[in-house]
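Undergrad: The structure's right below; bear with me while I get my questions together.
Protein chains: 2
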Amino acid sequence: MPRYQAPLRDLRFVMDELLDYPAHYAVLGKGEDASPDVVSAILEEGGRFAREVLLPLNQSGDEQGCRRLDNGDVKAPDGFREAYRQYVKGGWPGLAADPEHGGQGLPASLAMALSEMICASNLAWGMYPGLSHGAADALRHHGSDAQQATYLTKLVEGTWTGTMCLTEPHCGTDLGLIKTRAVPVEGDAYRITGTKIFISAGEHDLAENIVHLVLAKLPDAPEGSKGISLFVVPKFLPDGAGNPGERNGVVCGSLEHKMGIHGNATCVMNFDDAIGYLVGPPHKGLACMFTMMNAARLGVGIQGLGLVEASFQNSLAYARDRLQMRALSGKKAPEKPADPIIHHPDVRRMLLTQKAFAEGGRMLVLYAAQLLDRVEHGAEGEERERADALLGLLTPIVKAFLTEVGFESTNEGVQIFGGHGYIKEWGMEQLVRDARITRLYEGTTGIQALDLLGRKVLMSQGESLKVFTKEIHKFCKTEADHPVLGEFIEPLAKLNAEWGELTMGIGMKAIQDREEVGAASVDYLMYSGYVALAYLFARAVKSASAGLEGDDQAFYKAKIDTARFYYQRILPRTRAHARMIQAGAAPLMAISSDDFGLGFEI
Amino acid sequence: MPRYQAPLRDLRFVMDELLDYPAHYAVLGKGEDASPDVVSAILEEGGRFAREVLLPLNQSGDEQGCRRLDNGDVKAPDGFREAYRQYVKGGWPGLAADPEHGGQGLPASLAMALSEMICASNLAWGMYPGLSHGAADALRHHGSDAQQATYLTKLVEGTWTGTMCLTEPHCGTDLGLIKTRAVPVEGDAYRITGTKIFISAGEHDLAENIVHLVLAKLPDAPEGSKGISLFVVPKFLPDGAGNPGERNGVVCGSLEHKMGIHGNATCVMNFDDAIGYLVGPPHKGLACMFTMMNAARLGVGIQGLGLVEASFQNSLAYARDRLQMRALSGKKAPEKPADPIIHHPDVRRMLLTQKAFAEGGRMLVLYAAQLLDRVEHGAEGEERERADALLGLLTPIVKAFLTEVGFESTNEGVQIFGGHGYIKEWGMEQLVRDARITRLYEGTTGIQALDLLGRKVLMSQGESLKVFTKEIHKFCKTEADHPVLGEFIEPLAKLNAEWGELTMGIGMKAIQDREEVGAASVDYLMYSGYVALAYLFARAVKSASAGLEGDDQAFYKAKIDTARFYYQRILPRTRAHARMIQAGAAPLMAISSDDFGLGFEI
């Protein structure tokens, strides 16, 4: 069975040493609730839950998958229900929720650190509670008091779970095209009719009720994305006491057969005059939905991170164990028939790629998490605005960059295992199959890239980018004479400057031709991700250099070596992306869509 | 169901216009047998077979997989056996085999062109006959007359299929570690005992007999890879008339559960005192096996190519059909509720990536195929030596580069389909799962890279590379003033020069530290692949520019536009690889193998 151990030491490094979470929590007013001891205990306990409860169900869940009964009920794989019961019993669902809704009021960042562990040990399982967070967010921000009392408290408790019902057969990205209709009944009650597809955790047997957040159109809705409203549609209509009552007209029509995440039920959901309640103002559903989408996007980025870590840990164990060939520079294990493959430089290249993306991704997630904490709690005025802009900038990067490199890294895992990586038994190919969805759902990489470059950067005239590049610039200036940091500062400063120049270049071209934005977007996103990690790795070197003389010097030396690997063997990828950005739209738009297939069309 | 159409027009372009196969076949003395009309008819018929017979079995074969009975027999998916019967009846197995063994004596290159179609339509099926080619090659080069009469003729006829039995549980790459033993009986007969794993088509119901080519050690064998011998071990021992007789002691112990290629039986093969016959001299088995491995490596490269084409064709159809969002530059299909996604630049970027790798890969394969023809037939003396060196150089590139970009391209296919790409129904995720094995078997990308850089380039002091770079250099000089080629020649010439410089740089560093070879190898291989395709795309521009005024100008314009896309949006990747090569081994070797896991090990 694949192994997994929560990366507690590295989490401590990032949270305490790199980002000074103790001080950050103190500013938030959570210094006591989230004291270092409490945080440690929670992370340790979460790691134990992931390893002991979730991990053993990951392969069996993949193999068994979900099963739909004739009446539309869905059975999750064996053990999933019991694991969820333990999860609820442990109070995990409400960890970061408001005490007023029954939560423990701990910072969102702490929940995000835990989320990595869940995703690393069992992504398919993690999606059941994972979707609830988005639904809870939408209700918290846009739900009426009554809706919050009825639904939010149950989601926080975890006895009910949530879904996001957006996609329809003919539209995913382009939600303006949805056909699901809502007809007013009385008050905030409506009758919802339509078909939604790709609904993760749409139906299952883990919770006593399921709260669907559904996009639909009112009879008088304007055309397109400005005519979408948001509704809460429970599987069971709450009775007078708020308990699950009458069955509502929403049924799972079928389960999708997918490449991976077999343990999660991906449902076609048929709404047939289902009772739903309007959330937020009419026709403003897309804006409300964005609340949950932003949280969900950060969540998917964390999925990418978790899968990298899972793949890395197993690859490392295998690379130390597997004997094959002698090192070119001479025997490393002369007493054995061959050397462990970890001594071969190309295997190290793959392991270090995983390690750099796991550790770099963790820094990025927890850096963004800190911003989220500030936006949601502590900060006000200019500081809040700054945090909000930066979080907005980083959200598509966290989502798309971490899932792209996550997919790459899980594939390196298969590659390190060689042919054994392709066999189900070892679990490495499952990580690839599970990782593959993360590049697609909650907005594909292409959509994230348009969000980053079009909405966040260019629509703000580059202002949101400057918030970040200025921070990096300041860091480079301050640390220019740092004894260990020297080799990192120069390339970082150069990249940071180039980031601005590339942005300007696209902006200028886009004035002439709007297609330039889409043509540059994915390369721009990847470039941005590499620079963001470069900045965080430079800061990690600074933090680590302080520990080089202490008790744990091996850890700190390895951290600096990982940063150096990242700078020398990963960062050159920016050279390719920069040139591709500069090449512009022309080479993409030249061929007429009729002429693409002339090589095979007859 | 996914679609597939043999790319006949593009094949004609590459074979007739770019590489002048008619003249090439004439030089081989095959001008009449392989006349343009005959070649066209064969390609057309092969395309029909792929589309009508193999393609309909691809998804069902994936879903159903193979089944092992209690006695060790294996059933391939429904329809596979009948399709194979048609394949044999059509005379396809012996297309390029020597008439003296019952073949049709057509050029190997023609069989390779057909192979692309088989791999594109049904990779799992294609591996059953595919493995026979390697076994036949080994027997043709190293088998005794009697062995050839008994086994080779049956493989050529196709009534028997072949396997390659190399890997054992504890060794794949490092065959010096194998434990399978061969005890002499009399003459060339031996008793073989051991366990082989990952044996593709090791047991099945398609053919009346299976011919295993097996690596084993003789009792007096020297240690390591110099003590390996090659044996032919038939499933049924041929009787006096050469028909399958007594059952031999080789049985399928189990089938592997794999990520993909479910329709192919990947077997654990148990040899228990099985009768085998020595092929070639004792202890020289690895050299003999290399004969079949080289052919097999080219074959796997073609698998990568076929999967790109399959993914491209389906992605293109979907991108023309799927309506989602409006083009940023204004409506393209105002009569529809949204624009077909092929109008979005990022979708075009992905489609063009697939198109460039399909067309570029096809050029590379058929360029290598021409060299193979020369080595096997026509050429002698210096010309043969040159072709052999160049083919040796290109073989690991064909194998690893085309499977790496093949995996990337099939993933672009999933991405173009969005969430639908993740659902089995559309067939796009199957292409990814099937493609994933090609980066692993017949030597991983890492092993191909060591073969290229270590064995082929550095061991020949760069001579084998020079054969190719000189050809490119000459092309650039000759075409410097070509009216259309101008923009391509300068970057190509630069890259070609840099290729030599990078090689020198690694060579110099490797004198100090042999690990530098492994540290640079995969980036070097990818760099080499990009340059090889750049050369062939430049030649394609030259050929295409001749047709710009003719009847088929849209095809030629699209070809030039594809080349331009390749140069401007793909070739910048060389900037990253060059820098990574120059970064050398130090960043890979710095962390001690004990310290890799300090972030999570407690």
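Each protein sequence line maps, in turn, to chains A and B. Position 537, counted from 1, in the first sequence is what the working numbering calls 536; the numbers after and before it change by one each time, with no gaps. Position 243, counted from 1, in the second sequence is what the working numbering calls 242; the numbers after and before it change by one each time, with no gaps. Just so you know, even glycine gets a beta-carbon here, dropped at the ideal spot from N, CA and C. None of the values given here were measured: they were computed from a predicted structure.
(1) Note down the Cα distance separating D219 (chain A) from I274 (chain A), rounded to an integer number of angstroms.
(2) Quick one: any contact between the stretch 111-123 of chain A and the stretch 269-288 of chain A, if contact means 3 or more CB pairs under 8 Å?
(3) With 8 Å as the limit, tell me which residues of the stretch 3-33 of chain A have their beta carbon closer than that to any beta carbon of chain B; keep them in chain order.
(4) Check E167 (chain A) in the structure and name its three-state DSSP category.
(5) Which residue or residues does DSSP assign as beta-bridge partners of F270 (chain B)?
(6) Might you give, ordered along the chain, the residues of its own chain that have their beta carbon closer than 8 Å to the beta carbon of G101 (chain A), omitting 5 neighbours on each side?
(7) Please state whether DSSP places Y276 (chain A) in a helix, a strand or coil.
(8) Is the Cβ-Cβ distance between L17 (chain B) and S542 (chain B) less than 7 Å?
(9) With E202 (chain A) and D72 (chain A) assumed to form a contact (beta carbons below 8 Å), what rounded beta-carbon distance in angstroms separates them?
(10) What does the alpha-carbon distance come out to for the pair R66 (chain A) and E441 (chain A)?
(11) Between which two residues does the alpha helix (DSSP H) carrying H611 (chain A) extend?
(12) List, in order along the chain, the chain B residues whose C-beta lies closer than 8 Å to that of D594 (chain A)?
(13) Just to check my reading of the structure: F270 (chain A) and G248 (chain A) have Cβ atoms closer than 8 Å, yes? What is that Cβ distance to the nearest angstrom?
(14) Give me the Cα-Cα distance between F554 (chain B) and T561 (chain B), rounded to the nearest whole angstrom.
(15) In chain order, what residues of the same chain lie with their CB nearer than 6 Å to the CB of P243 (chain B), ignoring the 5 residues before and after it?
(16) Kindly identify the DSSP beta-bridge partner or partners of P221 (chain A).
(17) With a 10 Å radius around its C-beta and 16 neighbouring C-beta atoms as the bar for buried, classify R454 (chain A) as buried or exposed.
(18) Ends of the beta strand (DSSP E) at L236 (chain B)?
(19) Return the first residue and the last residue of the beta strand (DSSP E) that A215 (chain A) is part of.
(20) For the stretch 335-348 of chain B, enumerate the residues whose C-beta is nearer than 8 Å to any C-beta of chain A, in chain order.
(21) Within the continuous beta strand (DSSP E) that includes E185 (chain B), where are the two ends?
(22) I need the DSSP call for G546 (chain A), collapsed to helix, strand or coil.
(23) Using CA atoms only, rank isn't needed, just tell me which of B:E31, B:L587, B:G90 and B:R563 is closest to F356 (chain B).
(24) Mark Q460 (chain B) as exposed unless 16 or more other C-beta atoms lie within 10 angstroms of its C-beta, in which case mark it buried.
(25) Helix, strand or coil: how does DSSP classify S328 (chain B) here?
(26) Would you tell me roughly how many angstroms separate the C-alpha atoms of Q302 (chain A) and C475 (chain B), rounded to the nearest one?
(27) Assess, as a yes-or-no matter, whether the stretch 287-300 of chain A is touched by the stretch 127-138 of chain A under the definition of 3 or more beta carbon pairs within less than 8 Å.
(28) Please classify P168 (chain B) as buried or exposed, where buried requires at least 16 other C-beta atoms within 10 Å of its C-beta.
(29) Check each candidate in A:P183, A:Q147 and A:I117 and name the one with the smallest Cα separation from V52 (chain A).
(30) Enumerate, from N- to C-terminal direction, the unbroken beta strand (DSSP E) stretches of 3 or more residues contained entirely within the stretch 390-450 of chain B.
(31) Residues of the stretch 345-379 of chain A with a CB closer than 9 Å to any CB of chain B: list them in chain order, please.
(32) Check whether the stretch 461-471 of chain B and the stretch 381-400 of chain B touch, using three or more Cβ-Cβ pairs below 8 Å as the test.
(33) Whole angstroms is fine: what's the gap from G506 (chain A)'s alpha carbon to A531 (chain A)'s?
(34) Cβ of I260 (chain A) within 7 Å of Cβ of K257 (chain B)?
(35) If the cut is a Cβ gap below 7 Å, which residues of chain A does Y421 (chain B) touch?
(36) In chain B, what lies closer than 7 Å to S328 (chain A) by C-beta?
TA: Quick look at the numbers:
(1) Translated into the one-based positions of the first sequence, residue 219 (chain A) becomes position 220. Translated into the one-based positions of the first sequence, residue 274 (chain A) becomes position 275. Roughly 19 Å between the two C-alpha positions.
(2) With the rule of 3 Cβ pairs closer than 8 Å, the stretch 111-123 of chain A does not count as touching the stretch 269-288 of chain A.
(3) Q4, A5, P6, L7, R8, D9 and F12
(4) As a first step, residue 167 (chain A) must be located in the first sequence, where it is residue number 168. In the structure shown, the three-state DSSP call for E167 (chain A) is strand.
(5) Counted from its first residue, the second sequence places residue 270 (chain B) at position 271. According to DSSP, F270 (chain B) bridges with B:G193 and B:V249.
(6) The residue you call residue 101 (chain A) lines up with position 102 of the first sequence. Excluding sequence neighbours, G101 (chain A) sits near G93, T152, V155 and E156.
(7) Within the first sequence, residue 276 (chain A) is the residue found at index 277, counting from 1. Strand at Y276 (chain A).
(8) Counting from 1 along the second sequence, the entry for residue 17 (chain B) is found at position 18. Counting from 1 along the second sequence, the entry for residue 542 (chain B) is found at position 543. Yes, these two residues count as a Cβ contact at 7 Å.
(9) Counting from 1 along the first sequence, the entry for residue 202 (chain A) is found at position 203. Counting from 1 along the first sequence, the entry for residue 72 (chain A) is found at position 73. Sure, about 7 Å apart at Cβ, within 8 Å.
(10) The sequence position of residue 66 (chain A) within the first sequence is 67, counting from 1. The sequence position of residue 441 (chain A) within the first sequence is 442, counting from 1. For R66 (chain A) and E441 (chain A), the distance between alpha carbons rounds to 24 Å.
(11) Absent from the structure is residue 611 (chain A), since the part of chain A shown begins at 0 and ends at 601.
(12) Here residue 594 (chain A) is taken as the residue at index 595 of the first sequence, counted from 1. Correct list: A553, F554, K556 and A557.
(13) The count along the first sequence starts at 1 and reaches residue 270 (chain A) at position 271. The count along the first sequence starts at 1 and reaches residue 248 (chain A) at position 249. Yes, they are in contact, since the Cβ atoms of F270 (chain A) and G248 (chain A) sit about 7 Å apart, within 8 Å.
(14) Stepping through the second sequence from its first residue, residue 554 (chain B) is reached at position 555. Stepping through the second sequence from its first residue, residue 561 (chain B) is reached at position 562. Roughly 10 Å between the two C-alpha positions.
(15) The sequence position of residue 243 (chain B) within the second sequence is 244, counting from 1. E207, N208 and F235.
(16) Residue mapping note: residue 221 (chain A) aligns to position 222 of the first sequence, counting from 1. BP columns for P221 (chain A) are empty, so no partner.
(17) Residue 454 (chain A) sits at position 455 when you count from the first residue of the first sequence. Exposed is the call here.
(18) Here residue 236 (chain B) is taken as the residue at index 237 of the second sequence, counted from 1. First-last of the beta strand (DSSP E) with L236 (chain B): F235 to P237.
(19) Your numbering for residue 215 (chain A) matches position 216 in the first sequence. Taken as a continuous stretch (DSSP letters only), the beta strand (DSSP E) holding A215 (chain A) covers N208 to A215.
(20) Per Cβ criterion, the list reads P336, A337, P339, I341, H342, H343, P344, D345, V346, R347 and R348.
(21) Here residue 185 (chain B) is taken as the residue at index 186 of the second sequence, counted from 1. Where E185 (chain B) is concerned, the enclosing beta strand (DSSP E) stretches over R180 to E185.
(22) One-based indexing of the first sequence puts residue 546 (chain A) at position 547. Coil, per DSSP.
(23) Within the second sequence, the letter at position 357 stands for residue 356 (chain B). The candidate whose alpha carbon is nearest that of F356 (chain B) is B:R563.
(24) Numbered from its first residue, the second sequence carries residue 460 (chain B) at position 461. Q460 (chain B) should be labelled exposed.
(25) Stepping through the second sequence from its first residue, residue 328 (chain B) is reached at position 329. In the structure shown, S328 (chain B) sits in coil (DSSP, three-state: anything other than H, G, I, E or B).
(26) Here residue 302 (chain A) corresponds to residue number 303 of the first sequence, with the count starting at 1. Here residue 475 (chain B) corresponds to residue number 476 of the second sequence, with the count starting at 1. Cα-Cα distance, rounded: 48 Å.
(27) yes
(28) Translated into positions along the second sequence, residue 168 (chain B) becomes position 169. Flag for P168 (chain B) reads exposed.
(29) Working through the first sequence from its first residue, we reach residue 52 (chain A) at position 53. Nearest C-alpha to V52 (chain A): A:I117.
(30) none
(31) Using a CB distance below 9 Å, the part of the stretch 345-379 of chain A facing chain B consists of D345, V346, R347, R348, M349, L350, L351, K354, A357, E358 and R361, ordered along the chain.
(32) yes
(33) The count along the first sequence starts at 1 and reaches residue 506 (chain A) at position 507. The count along the first sequence starts at 1 and reaches residue 531 (chain A) at position 532. Taking C-alpha positions only, G506 (chain A) is separated from A531 (chain A) by approximately 21 Å.
(34) By 1-based counting over the first sequence, the position of residue 260 (chain A) is 261. By 1-based counting over the second sequence, the position of residue 257 (chain B) is 258. Cβ atoms of I260 (chain A) and K257 (chain B): not closer than 7 Å.
(35) Residue 421 (chain B) sits at position 422 when you count from the first residue of the second sequence. Per Cβ cutoff of 7 Å: K257, M258, R435, I436 and L439.
(36) As a working mapping, residue 328 (chain A) is identified with position 329 in the first sequence. Neighbours of S328 (chain A) on chain B, chain order: D512, R513 and E514.
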